[in-house]
Each structure stands twice: as structure tokens, then as C-alpha cells.
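A.B. asks: In the UniProt record's numbering, the protein residues as written are 1 to 638.
Sharing a structure below in C-alpha cells format, with a few things to ask.
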């Protein structure tokens, strides 16, 4: 079959070129980095490019995305393709999401614990859904065949498995074993432990894979997060109690002395200083306990390994007693073994922080270390609406043998408006209540003039709080539009419900959504039609110059001389700005205004990282001129 037989819709401009580019790269075993604008149809295009090669040569397609919403969209496109050309695909979710056992659903929070719990429940014969699989082998095979013929969402598989009273996770795995496409979270590729378990579980070799990274601008941050770790003093204190409870007196003694050493270190390094975190020499955390107990490194490693083994036994015991399957002893042992193994590495920063009272933090500095497996796959495709400059993304992520391609905008010039306030900025020294009041005037006036729904995305939660302290919420409510405010700690379900309610107001008087750039509502969310006719971007989301940010800059400067500050500080912020701006235009015909409240966007070093369509339509304004341009754009046909 040709790639066109996998395209279920009439081709949009440049889609065929995109498909040919991907198909050719995959055939030759090359990687490809693509920037294509919002509304281009990247998901269906990349599938139409890889599927002919994958099916002809027997490769498995691993399609990776950041959010459940993005993963669900891939299944939707596979359903559409399947109506034209028979393809199979399945979406992997965590064990907890694909489990019917009440104990695992109630008590597990992370992938490792869920895996341990699942293994123990099966081994002890306490999972009726696993036991039922043996009795209902024919029904499970029939269910697997059904979903191989019709790509299904996780909820659909869950419902069918629940009716049969068999394990949905196992059914998903059986489908994945034979499916053309596996859709999964970034974590399946970026976290080394999860990746190896996944590959072993499905009996895959890296050379079997074609890997697609969707919304790839997220990769640097997601890779850093996957390779980093943190442990608080509260965990150590709980481990001491656990050791006493299980009569592990030597471990309790070790942890008590270790914890005391941490408190001494905290007092010396952070005690009276007005900072939240400080880099430390990693050996210092073991200094006190090794001096008191007269330990050497070999004995230390032996002790930590014993703690990990004891932790596994405690988890098993708690599962048998129907208690939450955690072990603080095991957690401390695992973290400190990792800490010890990374000493001497220049791609990690070792931090002492005030977070949660006192914490140790391992901060990865090189996101490319999460992608070393890419060298062994057949081909990897990285795509997003904001990867400019492509060479920088290639360098930072360490992608070799890569073709680079940037596709032109689809936004019609007459449908795009970019206005930049020339008299305000969120630069640190300029922030004040007076500044936030002036910004509030801009926001309220823009919300009045832009029809229906508007997004307001700020550089940080600190800036958002500054605007709220200037009475922004009350002023916006006076416009007659409903106001929704993104909550920092809200669950995915809570946030999705809020966004759905915000979108629904597009059918009445409209609404305003307040959030942050780089957050879940300013990236990866689709707002079509009147669901977001305008965005107001308050500031540029440059990171605060914390020790970790400075360490990142120094690391990149060593690796890419002359580019450290650009790669580690400026470029990530510019990409977040562009991502938030991209919420307005989902198609060539959609009309939208982008108002940026920061004059630095007019500077050349910022503009060079913005897409052509933004730069070409950009106009500097004051409050009066912004009103004039918005009125012309929305009410007088320009």
C-alpha cells in the first residue's frame, strides 16, 4: 500500500510533502526533526508516512505523547485510517489506570509500586482477574482480536475487560504485542527502568522500533524530569519509624545518624541564608554517618543494598496484610544508591533544598542522556509546532543522522494579529503593584474587545498572583465574561473539567482563562472556533536564576561553547511563549489576536526565535493603539 492509502482525508497544503519526507527518512533509517504549524495535521501525516514502511518491513511504531488527551487523539486518527486501510493500534496506560483490583487502585501511586503489587497479588493468587484469564482464554483471545481489528481507547478496553472480569492491563499488553502502533506516554521512553521493563514485557528489541515523539518541544524538560530525583528528610524520619516497627535495629541506627548528619549539613549550608537551595559536594551527605560508624564506601553500599532488600520484604508483608504497599526504608536505600553512583558525574547537580522542610535533590543537566537508545532504533521522528531553531533542538537532544525540515505557516496573514505593548515588561526590577495595574488595564480592554473566549497566560504563577493583587479577577468579571483560574496543584481531572467549562462559555457570553506559559492549558490543549479567539501573554517566561538554572547554563556552555546561556535560558522561554501564542490558530481560516505585554519581544534576540507569521504581523502598541487595532481587526474588516 502507498502512503496515500493511509491518509483518510483530503490532503491539506504541504501534507503530502511531509508524508514523503517521513517515509523516505524511515526507509533510509534516518531520524527527522520537523516543525509544522498548529492545525497542519501532523498526527495523521506522520502515521501515513511511517505505516507503509512499518507494515511492509515488520517494524513496530511507538508513538509517544505527553498527555492523555494527545494520546487519545492518535487513537482517533487510527480509527479514521482504519476505515480506509486496515491498521491496528493500542494506547498503553499505567497499571493503576488499567486495573480492576481495588487494592492496587486504592493504594498505589507510582509505576514501580504498582508493578510490585501486581506481581505479589498474582503470585499469592489474590487477583481474581488474573485467575479468570486462565479460565477464559478463548474469550480473552477473541477480545484481543476485536481490538486488533478496531483501534480502541483505554476506556473501551477497560469496559470490555470488566464485563469479562479479566485484567485490562493484560488485554492491552496482548493487543500491543501484535499491534502496528503502540501509543504511550513519554515516560515509557525517557525513564530507563520503565523503558527496559516495557521492552522486555513486549519482547521487543530497539531495532524493531520506529519512534515518534509528538509535541517534541516538551522533550528537554521531560527528559530532565525523568532522569532527576528528590528525597525529603520526612522520608528518612518515616524510614526510622518503619525500621523500629520491623525491628531492623541496625538500619534504624544507621538512618538516625544519617538524618542527624543531614540536619547538621542543613544548618551549616542553608540555616540562616535567604536562599531556597544550594549545591553541595555529594560526599558530604555521608560524612557524618561514616565518621560516627567508622564506615568505608564498600560497607556503605552493602548497607544501602540491604535497605533495598528489606524494603522489598516490607512491601510484600504490607500487601499480605492489605495495607498500603510502601516502604520508606526501601525508598531511602534506592535514592542513596543512585546518589552514590552519580558522584563524579558532571551532568548532575547535587542540591540541598528547603522544599518539604529539607530535601536532597539530584538534578540531571543533560536531556540527551535520556535518548541514547535512539541510536539503536530504525528511525525516530520528532515533531512540534515550535522547534525553531531546529539545529538547537538537535544539539540539545543529541540527535544524530537527522534531517531537519520547517513547514510554512497555515495562518492567513489577514487572520493573524500580534500586538506588543511597548511600555510594560515583567523584568524583575520593573515589577510593582503599579506595573500590574497598568497590565490589568491592557488585559481588561483586550478582553472587552476580543469576542467570546480569551486566554491570559503569564510568565509565572508569581506574575499571575501580582495581577490578581491588582484586582484583575474583579475587573474581568465586570466585563460580563466568566473567569477561570488555573490551579497549580489541581489534578488532571479537575483541570479538564475546568477547561471544558471554559470552552462551553464560547457558546454564550464568553470567558477568560488565567494560567501560565509552559503550563498544561497553554500547551497541548486544542481550542477551536470561539473557544479561544485571543491570547494575552504577560511577560516572557524566563526561569529565575536559581543554582539549577545556572548549572544548566554552565553545563551547556562546556558542551556547546558560546551557546550555554542561549540553550539553557533564553530558548526554552521563547518556545513556551510561542506555544502559548499558538493556542489561537487551529486552522488557516481561524481568526485570532495575540497581545504580548512585554516590550522585550520587540528585541532582535527574541524575534529571531519566533515563527515568521508572528514576526510579520507584529505591531508595537500603547493602550490606545491596542484598542484601535483590536476594534479594526474584529469589527471593521480591518
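All residues carry an ideal CB built from backbone N, CA and C; glycine is no exception.
For clarity, every value in this text was computed on a predicted model and none was experimentally measured.
For the region 66-147, list the alpha helix (DSSP H) runs that are entirely contained and at least 4 residues long, ordered along the chain.
C.D. replies: Those alpha helix (DSSP H) runs which fall completely within the region 66-147 and span 4+ residues are 68-82, 102-107, 111-123, 128-135.
A.B. asks: Report the rounded CA-to-CA distance for residue 638 versus residue 632, giving the unit in angstroms.
C.D. replies: Residue confidence for residue 638 is low, a pLDDT of 46 falling below 50, so the modelled location carries little weight; the figure read from the coordinates is stated next. For residue 638 and residue 632, the distance between alpha carbons rounds to 5 Å.
A.B. asks: So, with DSSP's three-state summary, where would you put residue 283?
C.D. replies: Residue state, collapsed to three classes: coil.
A.B. asks: Pull up the distance between the alpha-carbon of residue 324 and that of residue 223, whole angstroms please.
C.D. replies: Those two C-alpha atoms are separated by around 29 Å.
A.B. asks: Assign residue 478 to one of three DSSP states: helix, strand, or coil.
C.D. replies: Three-state result, residue 478: coil.
A.B. asks: Along the chain, where does the alpha helix (DSSP H) containing residue 492 start, and where does it finish?
C.D. replies: Here the alpha helix (DSSP H) through residue 492 covers 492-504.
A.B. asks: How long is the line joining the alpha carbons of residue 338 and residue 557, rounded to whole angstroms?
C.D. replies: So the two alpha carbons sit approximately 26 Å from each other.
A.B. asks: Can at least three beta-carbon pairs, one atom from the region 525-538 and one from the region 447-460, be found at a separation below 8 Å?
C.D. replies: Yes, since at least three Cβ pairs between the region 525-538 and the region 447-460 fall closer than 8 Å, the two stretches touch.
A.B. asks: To the nearest angstrom, how far is it from the Cα of residue 195 to the Cα of residue 180?
C.D. replies: Cα-Cα distance, rounded: 19 Å.
A.B. asks: Along the chain, where does the beta strand (DSSP E) that runs through residue 197 open and close?
C.D. replies: Premise fails: residue 197 lies in the alpha helix (DSSP H), 192-201, not in any beta strand (DSSP E).
A.B. asks: Is residue 320 helix, strand or coil when you go by DSSP?
C.D. replies: It is helical.
A.B. asks: What runs of the alpha helix (DSSP H), each 4 residues or longer, lie entirely inside the region 400-485?
C.D. replies: Runs of the alpha helix (DSSP H) inside the region 400-485: 433-449, 461-469, 472-477.
A.B. asks: May I have the straight-line CA-CA distance separating residue 565 from residue 20, to the nearest angstrom?
C.D. replies: Between residue 565 and residue 20, the C-alpha separation is close to 36 Å.
A.B. asks: Applying the criterion that 16 or more other CB atoms from any shown protein chain within 10 Å of the CB defines a buried residue, is residue 365 buried or exposed?
C.D. replies: The residue is buried, with at least 16 neighbouring Cβ atoms inside 10 Å.
A.B. asks: Identify, in the order they occur along the chain, each residue of the same chain with its Cβ nearer than 8 Å to the Cβ of residue 133, setting aside the five sequence neighbours on each side.
C.D. replies: Taken in chain order, the residues that qualify are 140, 166, 167, 170.
A.B. asks: Tell me, please, whether the region 79-94 touches the region 3-15 by the rule of three or more beta-carbon pairs shorter than 8 Å.
C.D. replies: Touching, yes.
A.B. asks: Helix or strand or just coil, what does DSSP make of residue 261?
C.D. replies: Three-state DSSP puts residue 261 in a helix.
A.B. asks: Where do the N-terminal and C-terminal ends of the alpha helix (DSSP H) with residue 623 fall, by residue?
C.D. replies: Unbroken alpha helix (DSSP H) run through residue 623: 623-635.
A.B. asks: What would DSSP say about residue 511, mapped onto helix, strand or coil?
C.D. replies: Strand.
A.B. asks: DSSP on residue 592, reduced to helix/strand/coil?
C.D. replies: Residue state, collapsed to three classes: strand.
A.B. asks: Buried or exposed: where does residue 615 fall if 16 or more other Cβ atoms within 10 Å of its Cβ makes it buried?
C.D. replies: Looking at its Cβ environment, which holds fewer than 16 other Cβ atoms inside 10 Å, residue 615 is exposed.
A.B. asks: Residue 211 bridges to which residues according to DSSP?
C.D. replies: 62, 380.
A.B. asks: Compare the Cα-Cα distances from residue 145 to each of 555, 160, 231, 528 and report the closest residue.
C.D. replies: For the residues 555, 160, 231, 528, the minimum Cα distance to residue 145 belongs to 160.
A.B. asks: Quick one: residues in its chain with C-beta nearer than 6 Å to the C-beta of residue 226, no 5 flanking neighbours on either side, listed in chain order?
C.D. replies: Once the five neighbours on either side are set aside, the close Cβ partners of residue 226 are 190, 191, 370.
A.B. asks: Report the three-state DSSP secondary structure of residue 161 (helix, strand or coil).
C.D. replies: In this structure, residue 161 counts as helix in the three-state DSSP scheme.
A.B. asks: What three-state label does DSSP hand residue 560 in the structure shown?
C.D. replies: Residue state, collapsed to three classes: coil.
A.B. asks: Taking the C-alpha atoms as reference points, what is the distance between residue 199 and residue 61?
C.D. replies: So the alpha carbons of these two residues sit roughly 13 Å apart.
A.B. asks: Under the three-state reduction of DSSP, which class applies to residue 619: helix, strand or coil?
C.D. replies: Of the three classes helix, strand and coil, the one that applies to residue 619 here is strand, per DSSP.
A.B. asks: Give the DSSP bridge partners of residue 350, in chain order.
C.D. replies: Its beta-bridge partners are 362.
A.B. asks: Using 10 angstroms around the beta-carbon of residue 628, count the other beta-carbons present and answer buried if the total reaches 16, otherwise exposed.
C.D. replies: It counts as exposed.
A.B. asks: Taking Cβ to Cβ, would you say residue 560 is nearer than 8 Å to residue 347?
C.D. replies: No, the Cβ-Cβ distance between residue 560 and residue 347 is not below 8 Å.
A.B. asks: Excluding the five sequence neighbours on either side, which residues of its own chain have a C-beta within less than 7 Å of the C-beta of residue 499, listed in chain order?
C.D. replies: Once the five neighbours on either side are set aside, the close Cβ partners of residue 499 are 521, 525.
A.B. asks: Just curious, the alpha helix (DSSP H) that residue 534 is in, first and last residue?
C.D. replies: Per DSSP, residue 534 belongs to no alpha helix (DSSP H); it is in the beta strand (DSSP E), 534-538.
A.B. asks: Which residues mark the beginning and the end of the beta strand (DSSP E) in which residue 240 is found?
C.D. replies: No beta strand (DSSP E) contains residue 240, which is instead part of the alpha helix (DSSP H) from 233-245.
A.B. asks: Going by C-alpha to C-alpha distance, which of 156, 99, 111 sits closest to residue 128?
C.D. replies: Out of 156, 99, 111, 99 has the C-alpha closest to the C-alpha of residue 128.
A.B. asks: Taking the beta carbon of residue 142 as the centre, do at least 16 other beta carbons fall within 10 Å, making it buried, or is it exposed?
C.D. replies: The residue in question, residue 142, is exposed, as its Cβ has fewer than 16 Cβ neighbours within 10 Å.
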